[in-house]
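J.: Going by my numbering, the first residue of the sequence shown is number 15, and it counts up by one from there.
We put the CB at the ideal spot given by N, CA and C, even for glycine.
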Amino acid sequence: MSRPAMRFSLLPEDRSFFDLFNEAGQNTLRAARMLDEMMDTWPEDTGLNREILIAEQEGDRITHNIVSRLNATFVTPIDRDDIFNLAGRLDDVVDYIEEAADFLVLYKIEAPMSQAQELTEILVGCCEQLATGLEHLPSLRDLDRYWIEIHRLENEGDRVSRDAVASLFSNGIDPMVVIRWKDIFAVLERAIDATETAAHILEGIVMKNS
Numbered sequence: 015m016s017r018p019a020m021r022f023s024l025l026p027e028d029r030s031f032f033d034l035f036n037e038a039g040q041n042t043l044r045a046a047r048m049l050d051e052m053m054d055t056w057p058e059d060t061g062l063n064r065e066i067l068i069a070e071q072e073g074d075r076i077t078h079n080i081v082s083r084l085n086a087t088f089v090t091p092i093d094r095d096d097i098f099n100l101a102g103r104l105d106d107v108v109d110y111i112e113e114a115a116d117f118l119v120l121y122k123i124e125a126p127m128s129q130a131q132e133l134t135e136i137l138v139g140c141c142e143q144l145a146t147g148l149e150h151l152p153s154l155r156d157l158d159r160y161w162i163e164i165h166r167l168e169n170e171g172d173r174v175s176r177d178a179v180a181s182l183f184s185n186g187i188d189p190m191v192v193i194r195w196k197d198i199f200a201v202l203e204r205a206i207d208a209t210e211t212a213a214h215i216l217e218g219i220v221m222k223n224s
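1) Rounded to whole angstroms, what's the CA-CA distance from T211 to A205? Just pull it up for me.
2) CB G39 to CB L144, shorter than 7 angstroms?
3) Beta-carbon separation of L167 and I215 under 7 angstroms?
4) Do you know how far the Cα of C140 is from the Cα of E163?
5) Where does V108 fall in DSSP's three states?
6) Does P152 come out as helix, strand or coil in the three-state DSSP assignment?
7) Going by beta-carbon coordinates alone, are V174 and E132 separated by less than 7 angstroms?
8) E51 to S128, Cα distance in whole Å?
9) Can you tell me where the alpha helix (DSSP H) holding D177 begins and where it ends?
10) Are there 16 or more other CB atoms within 10 angstroms of the CB of P18, so buried, or fewer, so exposed?
11) Return the chain-ordered list of same chain residues with a C-beta closer than 8 angstroms to the C-beta of I198, the five sequence neighbours on each side being excluded.
12) With 16 as the cutoff for other CB atoms within 10 Å, does P91 come out buried or exposed?
13) Look at L67 and E112 and say whether their C-beta atoms are less than 7 angstroms apart.
14) Cα separation between M221 and L34?
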């Protein structure tokens, strides 16, 4: 009588890191969607800036939990540096989102520029791809579609950012307004760039474990 074939996993069974990354991805997406809505409804006081601050604090909590578990775990399901770096980049995305929302309030922006609305839409797209990729991370399969789309969106974000800065200097806008919007565009671009960096880490994780 033949014995049943035994199936072995290349990864340790502890899946708590994957659960935390999924939680972080969903929090990042939630923050991006709130910023996009805030940009669309600005200057109406919808309370979204306060909700984004709560999401930023939630991101800090998740990151702390990941790092604490990392320090207490001897064998991790994926490379320790990848866990640490991915957690940091996800936290960065939410930090930049909160900073952009803060700028809208502190700078007393009267109305959003169309390019800022485009950038927040692109950021939502990046976060959607990132959150879905993190949800499927435990399988380590068929994740390339997510980082490919994030890369495409990041390139689109670069184009919109360049057009936005060019328009600031070509329409006779007050210099103080130019400075304020440059800050907002810069932090939105950093948020998008952070999603691409996170996507590169995902790609590296898959390659190391394929």
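T.: Looking at the coordinates:
1) Approximately 10 angstroms between the Cα atoms of the pair.
2) Yes, Cβ-Cβ distance for G39 and L144 is below 7 angstroms.
3) For the 7 angstroms CB-CB criterion, L167 and I215 do not form a contact.
4) In this model, E163 and C140 are separated by some 8 angstroms (Cα to Cα).
5) In the structure shown, V108 sits in a helix (DSSP, three-state: H, G or I).
6) In the displayed model, P152 falls within a helix according to three-state DSSP.
7) Yes, Cβ-Cβ distance for V174 and E132 is below 7 angstroms.
8) Approximately 13 angstroms, taken between the alpha carbons.
9) Residues 158 to 182.
10) Confidence in P18 is poor, its pLDDT being 41 and thus under 50, which makes the residue's placement too unreliable to answer from.
11) Result list for I198: A114, F117, L118, Y121, I123, A130, in chain order.
12) With 16 or more other Cβ atoms within 10 Å, it is buried.
13) It is a contact, given that the beta carbons lie within the stated cut-off.
14) Approximately 21 angstroms, taken between the alpha carbons.
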